[in-house]
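J.: In our numbering, the protein residues as written are 5 to 213. This is the structure, below, for whatever I ask next.
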């Protein structure tokens, strides 16, 4: 198909498609003449992923390029691709107001938690950093009763993660798996937050009415 047809099928304007090609997000079409190229269904699928990463995932072009590069690397296994996709949706928010000693203690607590859970966690994991920052904030705000429930929260998170990965595992290819990781994390976080509120409303009615 030509770029006009690709644009129609994908809903992406032709100038935007050309921009994605220039930014190495989308592979060029097969050149048929000096100013003509042919595209196929793989381009349609890749455009769907790019748009999902940019619009739903809220990722930068550079972050999307990293995910795409991991997808297209012949030496990249599925696990590495999924880790690359996950890193893009787990920003670290290091604040200058944080106490360095408190943050180190929080990181140590999260590492110990991961060991108790039997989780394999990279020292460079942005999720580890993000969890430590939240834990440090709870401690500084004298919310130790929440912070002391880390193991209970971790067990719930582990059950959710198992469900997430079962969904991802059933996707037909690596592109679809990466899309599931990104969208599943972003939309899944929103869904979990809403379900948590529903459960809290139910539990509070039982406890306090």
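Glycine residues also receive a C-beta, built at the ideal position from the N, C-alpha and C atoms. Values in this document were obtained by computation on a predicted structure and should not be read as measured data.
Who are the near neighbours of residue 34 in its chain, counting only those whose CB is closer than 7 Å to its CB and skipping five residues on each side?
T.: Counting from 1 along the chain shown, the entry for residue 34 is found at position 30. Hits under 7 Å: 41 and 42.
J.: Could you check how far apart the C-beta atoms of residue 112 and residue 143 are, in whole angstroms? I think they sit under 8 Å.
T.: Counting from one through the chain shown, the residue named residue 112 turns up at place 108. Counting from one through the chain shown, the residue named residue 143 turns up at place 139. At roughly 12 Å, the Cβ-Cβ gap does not stay under 8 Å, so residue 112 and residue 143 are not in contact.
J.: Under 8 Å, do residue 60 and residue 196 count as touching if we go by C-beta distance?
T.: Here residue 60 is taken as the residue at index 56 of the chain shown, counted from 1. Here residue 196 is taken as the residue at index 192 of the chain shown, counted from 1. The answer is no: Cβ separation not under 8 Å.
J.: Does DSSP classify residue 46 as helix, strand or coil?
T.: By 1-based counting over the chain shown, the position of residue 46 is 42. In this structure, residue 46 counts as helix in the three-state DSSP scheme.
J.: Are the CB atoms of residue 28 and residue 18 nearer to each other than 8 Å?
T.: Walking along the chain shown from the start, residue 28 turns up at place 24. Walking along the chain shown from the start, residue 18 turns up at place 14. Annotated as distal: residue 28 and residue 18, with beta-carbon spacing of 8 Å or more.
J.: Kindly indicate which three-state DSSP category residue 208 falls into: helix, strand or coil?
T.: As a first step, residue 208 is located in the chain shown; it is residue number 204 there, counting from the start. The answer is helix: DSSP assigns residue 208 an H, G or I state.
J.: Can you confirm whether residue 21, when its beta carbon is compared against all beta carbons of chain B, has any partner nearer than 8 Å?
T.: Of the protein chains in the structure, only one exists, and it is not chain B.
J.: From residue 170 to residue 49, what does the alpha carbon distance come to, in whole angstroms?
T.: One-based indexing of the chain shown puts residue 170 at position 166. One-based indexing of the chain shown puts residue 49 at position 45. Distance between the alpha carbons of residue 170 and residue 49 is about 22 Å.
J.: Can you give the Cα-Cα distance for residue 122 and residue 64, rounded to whole angstroms?
T.: On the chain shown, position 118 is the one that residue 122 refers to. On the chain shown, position 60 is the one that residue 64 refers to. Whole-angstrom Cα-Cα distance: 33 Å.
J.: Express the C-alpha separation of residue 127 and residue 177 in angstroms, rounding to a whole number.
T.: As a working note, residue 177 is residue 173 in the chain shown. As a working note, residue 127 is residue 123 in the chain shown. Taking the straight line from one Cα to the other gives about 29 Å.
J.: For residue 125 versus residue 118, is the C-beta spacing smaller than 8 Å?
T.: The residue you call residue 125 lines up with position 121 of the chain shown. The residue you call residue 118 lines up with position 114 of the chain shown. Their beta carbons are under 8 Å apart, which means residue 125 touches residue 118 by this criterion.
J.: Suppose the cutoff is 7 Å on Cβ atoms and the five residues either side in sequence are ignored; what does the same chain contact list for residue 54 look like?
T.: The sequence position of residue 54 within the chain shown is 50, counting from 1. Excluding positions up to five away in sequence, the list reads 24, 29, 30 and 68.
J.: Pick helix, strand or coil for residue 55, following the three-state DSSP scheme.
T.: As a position in the chain shown, residue 55 is number 51, starting the count at 1. Helix, per DSSP.
J.: For residue 147, which three-state DSSP category applies?
T.: If you number the chain shown from 1, residue 147 lands on position 143. The answer is coil: DSSP assigns residue 147 none of H, G, I, E or B.
J.: Can you tell which of 130, 108 and 51 has the C-alpha that lies nearest to the C-alpha of residue 180?
T.: Against the chain shown, residue 180 aligns to sequence position 176. That would be 51, whose Cα lies nearest to the Cα of residue 180.
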